[in-house]
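Reading the sequence shown from the start, the letters are residues 149 to 1186 in this note's numbering.
Glycine residues also receive a C-beta, built at the ideal position from the N, C-alpha and C atoms.
In what follows, a structure is listed as structure tokens, so that the remarks can point back to it.
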Amino acid sequence: DGGFLGLALHPEFGNPGHNYFYVFYSTEDANSTDYPNYYTTQSCHNEEYWGNFLVLARYEMDPTTLNVQETSEQVLIKLRMYGTTHRGGGLLFGDDGFLYLTTGDQTAFKKAQDITNNLDGGVLRLDVDEDNTRSHPPVRTMPEDHGFSDEITGNGYWIPNDNPFLSPTGENFEEYYSIGHRNPHRMTKDRSTGELYVGEIGGGRHEEINVIKKGKNYGWPIYEGLYMSTSCLTGLLNGMAHEEPLTIFPRSAANAVIGGYVYRGSEIPELQGKYICADYGVGEEIWTIDINTGNYSQLGSFSSTDIISFGEDEDAELYIMKLGVSTLYKMVSKDNPFETVPQFLSETGAFTDLNTLEPTDGLIPYDLVESFWSDGALKKRWVGIPNDGSHDTAGEKINYSEDDIWNFPMGSVLVKHFELPIDENNPTITKRLETRFSIKAEDGNFYFATYKWNAQQTDAELLLTGLDETINITKIGGGTDTQTWRYPSNSDCVSCHNATSGGTLGARTRYLNKDYTYPKTGRTANQLVTLSHLGILDEVINDSDTNNFLTYKSIDDTNASVDEKARSYMDLNCAYCHRPGTGVRGDFDLRMKLDIAQTGLLTASSYESLGIPDEKIVDPGNINTSILYHRVNSVDPAIQMPPIAKNEIDENAVQLIADWISQLSNPCPDRIIMEKYSNVSGTSIAELKSNSNYPNNPSQVDELIEFTIPINVDDQYGVRVKGILKAPETGTYYFWISGDDNVELNLSSDATEANKNRVAYHNGWSNFNEWNKYSTQKSGGINLVAGQNYYLEALMNEAGGGDNLSVGWRKPSNGNGTVPSEIIPCTVFDYFNGPPVVNVTGVNVNPVATTVSAGATEQLTATVTPADADDPSVTWSSDDETVATVDATGLVSGVAEGTATITATSNDDNSIMGISEVTVETVLVPVTGVSVAPDTATITEGDTQLFTATVLPMDADDRTVSWSSDNTTIATVDTNGLVTGLMTGTAIITVTTNDGNYTSTASIIINGGGCVLSNVALGGTASQSSTYGNGLASVAVD
């Protein structure tokens, strides 16, 4: 909050003596800086002064030419500006002719209940006409009775005699009309009734619309909405009653309410008499409020940039102003845009069968390595990319990025379906909740439609607003519980699917890099490779490429480290907001492609305090003081993250984040050393160096992860920050230093302090990361050699007020410039005191189980963690060497049938070991061939012939065979190879081994039985012989 905050014309402007307008603004500081370039902490008592002021001033203007007389400025109020937000700024004349001004608490909550020591946290009421018939001169003023010499109150206005907090003896400021305000950001007047309405931005729980009434206390910081807390103060000023808001928005509905107007125009009759307001920074919702009941409903949303103010013209028509946009938008009546959207899921054509959710042709299923946490719901996803049968133009392809956002073509549709398990005894029993559509329109923005499934689970109906539903859950062992499911409004969708995310969340390389079995084809393939093959991605991706991609690690991935899983979880569930460009005030970046130092998690300041002593965003090793842990482990709207659509805690994630924080440590130990020296006088570096404790007896020593110290922590102290810089590149470097008060930067030509020289400095003070206030802050070009070490040292001496110290640089690859490319990170420093001993913390053996044949070998590998342990060696052993032995390299030899446990024991710590279970199997001798004997034989009908099979080798384990005849009407063969002749003919007998199916054959000839006559002669005498059976006979024939 800063800059031009409010303007009001005198109600008699145009009449001589009243051609004035009044402005409320914040000034630049002495360095021409508008406000600090980072967010300070809000708390009960926090006051951080930066040299800026809040000013209420009057100017005279020609009513005809509208030329302002610049020299006519009269300063009515000039207050020191504290912190970075909560200025108020509503400024208008009431129907009573008095000037009303809203002021915020300036991030020190208790001020809103203190009318003695400030003019913050209230609505002020002033008589700028100084009419002695109805007002009087202020009794208590600044700087005469309170404040600093550069502050002003009571100039150019009097106090209305009926102001509610009069104090004839000057015990308190009389300007207050109402008190107990946190950030009354916008105030307007109902032109019909004269009532004043304020859109009041809350803390972590509620946003408020307040109707301003004389002498009322609106409760902050005791009350936020109707929520009461006494963590800051125990009660309201003088025991006053709490004036309740007209409307209370829960945090799930609104992020920062922007107050508007009671509509009294004629062009939008349906809004007549309703208060119009909006939300900033989440979904850009526009609401209407019933001014009698306070009930609100969403009129629509106005994406994609932030709504910052409303305006009203002389006809009472309303206008909207957006952040960073020069266009002024007029509100007009418009048909409901949802009237053109199918009212039922069955009408969308997305599915050919709603019962099975069979998608229509063109919708391609996909899945994430792990889904976002959505209160335990199960999800299915599909994507459709416009095409004419092939994806061969840019408008038919996704613009691919390996590590960042995929840009979808216009007409793209993403579908996500939610079901909730409702029976703990049988997780397959689910309730269909909703099916969401994300559609990319011609204007380049995504729009959203949510369909809620009916009770019969047969179809789903379009939702026009957000909705909460209570769902019954059957518990294990009987009984039921309930769970609240939040159906999102369009604005809820936009809050996460924001412009910075490109309107999508799950469609990222790192989330889709996994195999998927496609239901229609049954084929399993990598999703990225598949999308590339189909031409949907404008990038050629092969299976070999996917191994090199940054890939999400599931919370259940047993092969992933705690760090990999925690960083993955935060990337998926948090980084769509907590990254640059989203406007989120948490100054850290949770994308997993960054290392922990680059994220800023370990150095970020908390924007909104949770009231925990010594709290940090992440406090390595301590979950109790880590805000991140408490936000994940909460469904309190004032604390929880993400802030919307979360009604159930992800218990597995809570444990993961706890484990991660507990094992977290300085990512660069012994790299950048900060030495603090207390009770140092003056502001000069010379005075620091002359202190008796400098340099050998610092009062405190800390380690930093970048070359910047904590800001605004103390007064009258000095600091030395030092490290051994290992140049990452060869070439010309430029260094900058900033700080408060005097600072000095020294760089050595080598790793020793003795050879240091001053390369940059300034006398005086500069703001945090203010690099150009003094010409001496920047060094000249300094040539360094890659891989060589250089001693680097920064000094600062602080007297009072703000304090900071930072050193930035530009490397050769950055070139020269006016500001540094970054604050120097710890990752480019060598160990200051020498590398520490890195102990082994774990041993893993791979494979964890294996089978080996007796007489065979298999290589086991042992991996120690951390990878940079000083002694990664292990000793191998077997618990049963009669089964398996292992040598010093992990080579296992099978001895005899059985099971043995092979152990790799760390030589660094013999209590740390990994194991593999080895099963040894007996070696089987396989069959290599078979022969049959005899290879041919002849028998007569009814006779038998035995064939013999010889199986090779002779020591084969399975020498069994089977026999067969190719013609069983001629000859049969039994299991032993015995052939029986049945009738005249030839048959082939085959022997087959049962091991290997080797075969050999023999032929068998069968001759018939009966009587054979020969040598028969007629007409003479001859002898006749006959053969019958096996006998011979002779007969004489005449």
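- CA-to-CA, the gap between Asn-365 and Val-346 works out to about 14 angstroms.
- Here the alpha carbon of Asn-1058 sits roughly 12 angstroms from the alpha carbon of Asp-1019.
- Glu-355 is positioned such that its CB atom lies closer than 8 angstroms to that of Ala-404.
- Taking the C-beta atoms as reference points, Gly-748 is found nearer than 8 angstroms to Asp-735.
- Ala-834 sits exposed, since fewer than 16 C-beta atoms from the chains shown fall within 10 Å of its C-beta.
- Within the same chain, Cβ atoms closer than 7 angstroms to the Cβ of Gly-1062 are found at Val-991, Asn-992, Val-993, Ala-1010 and Ala-1052, the five residues on either side in sequence being excluded.
- Counting of Cβ neighbours within 10 angstroms places Gln-788 among the buried residues, the total reaching 16 or more.
- Gly-367 is the residue among Gly-367, Leu-374, Met-376 and Gln-811 whose C-alpha sits nearest the C-alpha of Met-388.
- Looking from the CA of Asp-515, the closest CA among Tyr-666, Pro-728, Tyr-825 and Ile-577 belongs to Tyr-666.
- Annotated as proximal: Pro-815 and Asp-743, with beta-carbon spacing under 8 angstroms.
- Pairwise C-beta distances place the region 325-335 in contact with the region 265-274, as three or more of them are shorter than 8 angstroms.
- Its Cα nearest to that of Ser-832, the residue His-910 stands out among Glu-756, His-910, Ala-1097 and Asp-784.
- Annotation for Val-802: the continuous alpha helix (DSSP H) segment containing it runs 799-811.
- Straight through space, the alpha carbons of Leu-776 and Lys-764 are spaced by roughly 8 angstroms.
- Thr-175 has its alpha-carbon roughly 26 angstroms from the corresponding atom of His-166.
- Judged by DSSP secondary structure, Met-822 falls within the beta strand (DSSP E) whose first and last residues are 820-826.
- The alpha helix (DSSP H) runs lying completely inside the region 848-932 and spanning 4 residues or more number zero.
- Ala-256 counts as buried, since at least 16 other C-beta atoms from the protein chains shown sit within 10 angstroms of its C-beta.
- The count of Cβ pairs closer than 8 angstroms, one atom from the region 549-558 and one from the region 651-664, reaches three, so the stretches are in contact.
- Inclusion of Ile-1136 and Asp-1114 in the CB contact set at 8 angstroms is warranted, their separation being smaller than that value.
- Inclusion of Ser-1064 and Val-996 in the CB contact set at 8 angstroms is warranted, their separation being smaller than that value.
- Within 10 angstroms of the beta-carbon of Val-216 lie fewer than 16 other beta-carbons, which makes it exposed.
- Taking C-beta atoms under 8 angstroms as the contact rule, His-193 and Lys-258 qualify, at a distance of about 6 angstroms.
- Residue range 833-837 is occupied by the alpha helix (DSSP H) that includes Ala-834.
- Taken atom to atom, the span from the alpha-carbon of Arg-958 to that of Gln-925 is near 14 angstroms.
- Rounded to whole angstroms, Gly-237 and Gly-459 show a C-alpha spacing of 15 angstroms.
- When the Cα atoms are used, Phe-321 and Arg-727 turn out to be separated by approximately 43 angstroms.
- At a Cβ-Cβ threshold of 8 angstroms, Ser-1021 and Asn-981 do not count as neighbours.
- Rounded to the nearest angstrom, the gap between the Cα atoms of Ser-692 and Asn-674 is 11 angstroms.
- Setting aside the 5 residues that flank it on each side, Asn-690 is surrounded in the same chain by Val-677, each with a C-beta closer than 7 angstroms to its C-beta; the list follows chain order.
- Sixteen is the threshold: when 16 or more other Cβ atoms of the shown chains lie within 10 Å of the Cβ of Met-229, as they do, the residue is buried.
- At least 8 angstroms separates the beta-carbon of Phe-172 from that of Leu-214.
- A Cβ-Cβ separation of about 6 angstroms places Glu-567 in contact with Lys-579 under the 8 angstroms criterion.
- DSSP places Pro-286 in the coil class of the three-state scheme, outside both helix and strand.
- Straight through space, the alpha carbons of Asp-663 and Pro-636 are spaced by roughly 31 angstroms.
- Leu-610 is positioned such that its CB atom lies closer than 8 angstroms to that of Pro-490.
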